[in-house]
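*Asks:*
Chains as they are written, first to last, in the numbering used here: chain L, 2 to 398; chain V, 2 to 398.
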């Protein structure tokens, strides 16, 4: 019989999932009030014509609304400006429609509207105050299948530059009230973004699955997410970008990645993504995608060295290897073979999806020590030495 | 690639799971206030000494508290009396500690405290009003591994007798704010109750798994629940009743059953349990346990007749059969063989756990027509004729 370690599992949003489900937004809004602040991106949703549809539905129903646009990963300044501008407007509901930057921005704005203060004071590792979770109700509507932000309790806020950082505003109550996941919104997502987001989602699922904090619930949801992404990730970025079923599978995997990372934590890839994203203007999904295969290889190698202590995690990696090769069961004596298969397929995805190396964005060997200084292991299944982490980054320059 | 049908998934409680986790209750209470209404059973928790511990911790911290006891499935009268008595006492938090009847009673009381009205007016199929979800915050602490009520959005209210019923008060917002699942509270649960509750939990998992409303998320959680119950259910009722790991596996399965039934619905076993439980004083878990194997047999038989239309559900039944026999994968040509194995093991459990037949409680052939009249198919994977439903009950008289 399996031993179930103790765990906490945070509340999740009310999830409304499926093509065309945006229509439910208009029925939900009146539960919260009449004054809506929309937080959107600057491009995709507006180009797709979907934004015009939403606005005409909103106007038809006589709701009051405002719209702020976010065109990059949200900075503390952006959140403070928007929160200050709308603090006295009696906003009843914030609705964030966009990629991870946008849905995170909406989450942070909904949390800062009731505070007469800067978000910097509440960021983990930056400010000294604890957010109390009080917020204006928030609905997240993702337009990419990547960050899973629609299901998480944190918003990532970035300041880019020499003293840059990527830090979270986090509270159990910041999980969105509703997440509407409508894969039709993802049909117009271009291949490069679909690829980066898809690799981010898969990284989150795999890191949550082998996390030292994983539990039976996160295991089952992370496995389910990987099961749905595995055959969709390459088609979604190529021949089948307009296939709603492919997009639906990616959206489901991304949603599971958000739920599982919020409850099981992440590993070394996200440990590295935080300082790299702070110092360099590289999309988060690219950082994760480019580091995933090499980090997995390093983890597996280190777990193998550990012997019996590492076995449980190696079995999990092997199970994912078997899943990706459509082999339902794993054989005790084939564990290392299936771990190798996992690395091979992750390397293949990185190549097929043309995920760039870090050097493309100006990152060089001279930057590595500073990056390693700012890297946390998070809930990585095994402790890695600085030299081992360095090796991961070097191999992806 | 799998096709993912659209779905809604309701918010779940903040879950705190593991032996000894009751200790977190005292840290959570101050988030809600100082005045606590405890709803408890009359026996087990008080005999176990756990109640004295809780009270001394509560008194030490200076909280105000009241306690009401519930000794059977809650009736409308009971809920109305308690809600009336405590409506003006400024209760900040309701805490239900007990089996499904108690945690359901607590849930209903927390929902009726803010209403100056009888619960009968809000019960599905009985009253004409819709509950708006407003309630006093509620924490559920189960002491049995059965109903999964700690994770559901409904409270079952029963009136027993010739015009009896078993109906739900239901709203998405009635999902408890917190569910504390501490398997230490289940160690003193006697074998007969452990068996009935365990069969109820397994029934809920299997019915949710093959529900016509099942989705990818409920599938993964229901499968995970069955995976953990399968090797624990017999030991928990016999040799290993005091093994905390066995109780933890049962508690996890029960929790998963609550989450999945709330989101995927149930089938014919629960369709029958509602009128049977209304007319006869038979514990709910016994009704489910005694009907499970025969209902599964009937469903599988009917699905087989349907041919290709029934295949998807037969594959799911076969997958559970394989799981219970520790076979990881199912072979396309062995589907019916694995379905038979599932029926065999369910029959074996019913025998090993000595789940009584319905006749033991006075139910006779003369009662069947009335029962069938009140039976709903719910989300059963296949439509059953009245004669087929009758056959299920007859075979378990």
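Here a beta-carbon is modelled for each residue, glycine too, at the ideal position from N, C-alpha and C.
At a Cβ threshold of 8 Å, is residue 240 (chain V) touching chain L?
*Replies:* No, its Cβ sits nowhere closer than 8 Å to a Cβ of chain L.
*Asks:* Would the segment 135–153 of chain L and the segment 7–20 of chain L be scored as touching if the rule is three or more Cβ pairs under 8 Å?
*Replies:* Flag = yes, the segment 135–153 of chain L and the segment 7–20 of chain L touch.
*Asks:* Please state whether DSSP places residue 378 (chain V) in a helix, a strand or coil.
*Replies:* DSSP places residue 378 (chain V) in coil when its eight states are reduced to three.
*Asks:* For the 8 Å Cβ check, are there 3 or more pairs between the segment 201–211 of chain V and the segment 322–336 of chain V?
*Replies:* No contact exists between the segment 201–211 of chain V and the segment 322–336 of chain V.
*Asks:* If contact means a Cβ-Cβ distance below 7 Å, which residues of the segment 110–127 of chain V contact chain L?
*Replies:* Those residues of the segment 110–127 of chain V that come within reach of chain L (Cβ to Cβ, closer than 7 Å) do not exist; the list is empty.
*Asks:* Closest Cβ-Cβ distance between residue 246 (chain V) and chain L: below 8 Å?
*Replies:* Residue 246 (chain V) counts as touching chain L.
*Asks:* Report yes or no: is there a C-beta of chain L within less than 8 Å of the C-beta of residue 299 (chain V)?
*Replies:* No, its Cβ sits nowhere closer than 8 Å to a Cβ of chain L.
*Asks:* Please compile the residues from chain V whose C-beta is within a distance smaller than 8 Å of the C-beta of residue 10 (chain L).
*Replies:* Neighbours of residue 10 (chain L) on chain V, chain order: 13, 15, 16 and 18.
*Asks:* Of the residues that make up the segment 245–264 of chain L, which ones have a beta carbon closer than 8 Å to any beta carbon in chain V?
*Replies:* For the segment 245–264 of chain L, which is checked against every Cβ of chain V, the residues closer than 8 Å are 246, 247, 249, 250, 253 and 257.
*Asks:* Measure from the alpha carbon of residue 336 (chain V) to the alpha carbon of each residue in V:309, V:348, V:357 and V:97, then state which is nearest.
*Replies:* Nearest of V:309, V:348, V:357 and V:97 to residue 336 (chain V), Cα basis: V:309.
*Asks:* Could you please give me the residues that DSSP links to residue 15 (chain L) through a beta bridge?
*Replies:* Its beta-bridge partners are L:179.
*Asks:* Assuming residue 287 (chain L) and residue 197 (chain L) make a contact with CB atoms under 8 Å, what is their CB distance in whole Å?
*Replies:* Confirmed, about 5 Å.
*Asks:* Can you tell me whether DSSP reads residue 142 (chain V) as helix, strand or coil?
*Replies:* In this structure, residue 142 (chain V) counts as strand in the three-state DSSP scheme.
*Asks:* Indicate the three-state DSSP secondary structure (helix, strand or coil) for residue 160 (chain V) in the structure shown.
*Replies:* Strand at residue 160 (chain V).
*Asks:* Would you kindly check if the distance between the Cβ of residue 331 (chain V) and the Cβ of residue 320 (chain V) is under 8 Å?
*Replies:* Yes, Cβ-Cβ distance for residue 320 (chain V) and residue 331 (chain V) is below 8 Å.
*Asks:* Rounded to whole angstroms, what is the Cα-Cα separation between residue 278 (chain L) and residue 158 (chain L)?
*Replies:* Roughly 11 Å between the two C-alpha positions.
*Asks:* Please compile the residues from chain L whose C-beta is within a distance smaller than 8 Å of the C-beta of residue 224 (chain V).
*Replies:* Chain L residues near residue 224 (chain V): 221.
*Asks:* Leaving out the 5 sequence neighbours to the left and right, which residues in its chain are closer than 7 Å to residue 1 (chain V) when beta-carbon positions are compared?
*Replies:* Nothing can be reported for residue 1 (chain V), as the shown portion of chain V is limited to 2 through 398.
*Asks:* Taking only the alpha-carbon atoms, compute the straight-line gap between residue 346 (chain V) and residue 202 (chain V) and give it to the nearest angstrom.
*Replies:* So the two alpha carbons sit approximately 16 Å from each other.
*Asks:* Taking the straight line between their C-alpha atoms, what separation do you get for residue 24 (chain V) and residue 192 (chain V)?
*Replies:* Roughly 26 Å between the two C-alpha positions.
*Asks:* Could you give the distance in angstroms between the alpha-carbon of residue 367 (chain L) and the alpha-carbon of residue 173 (chain L)?
*Replies:* Computed Cα separation, rounded: 39 Å.
*Asks:* Residue 60 (chain L): buried (16+ other C-beta within 10 angstroms of its C-beta) or exposed?
*Replies:* Per the 10 Å Cβ criterion, exposed.
*Asks:* For the beta strand (DSSP E) containing residue 68 (chain V), name the first residue and the last one.
*Replies:* That run of the beta strand (DSSP E) goes 65–70.
*Asks:* Using a C-beta to C-beta distance shorter than 7 Å, which residues of chain L count as neighbours of residue 232 (chain V)?
*Replies:* Ordered by position in chain L, the residues that pass the 7 Å Cβ test against residue 232 (chain V) are 2.
*Asks:* Between residue 53 (chain V) and residue 56 (chain L), what straight-line distance do the alpha-carbon atoms span, to the nearest angstrom?
*Replies:* Looking at the two C-alpha atoms, the distance is approximately 58 Å.
*Asks:* How many Å lie between residue 229 (chain V) and residue 6 (chain L) at the Cα?
*Replies:* About 13 Å.
*Asks:* To the nearest angstrom, how far is it from the Cα of residue 33 (chain L) to the Cα of residue 113 (chain L)?
*Replies:* Roughly 18 Å separates the two Cα atoms.
*Asks:* Under the rule that 16 or more other beta-carbon atoms within 10 Å means buried, what is residue 133 (chain V), buried or exposed?
*Replies:* Exposed: under 16 other Cβ atoms inside 10 Å.
*Asks:* Determine the chain V residues that contact residue 218 (chain L) at a beta-carbon separation under 9 Å, and present them in chain order.
*Replies:* Within 9 Å Cβ-Cβ: 16, 18, 222, 225, 253, 256, 257 and 260.
*Asks:* Which residues in chain V have a C-beta closer than 9 Å to the C-beta of residue 7 (chain L)? List them in chain order.
*Replies:* Here the neighbours are 17, 18, 19, 20, 21, 22 and 249.
*Asks:* Which of the three DSSP states is assigned to residue 383 (chain L) in this structure?
*Replies:* Residue state, collapsed to three classes: coil.
*Asks:* Measuring alpha carbon to alpha carbon, tell me which of V:146, V:235, V:71 and V:93 ends up nearest residue 189 (chain V).
*Replies:* Nearest of V:146, V:235, V:71 and V:93 to residue 189 (chain V), Cα basis: V:146.
*Asks:* Please classify residue 36 (chain L): does DSSP put it in a helix, a strand, or coil?
*Replies:* Reduced to three states, the DSSP call for residue 36 (chain L) is strand.
*Asks:* Given residue 217 (chain V), which residues of its chain have a CB within under 7 Å of its CB, disregarding the five upstream and five downstream residues?
*Replies:* Within the same chain, residue 217 (chain V) has close Cβ partners 5.
*Asks:* Tell me whether residue 211 (chain V) sits in a helix, a strand or coil according to DSSP, three-state version.
*Replies:* Here residue 211 (chain V) sits in coil by DSSP.
*Asks:* In angstroms with no decimal places, state the Cα-to-Cα distance between residue 299 (chain V) and residue 291 (chain V).
*Replies:* Each residue's alpha carbon lies about 14 Å from the other.
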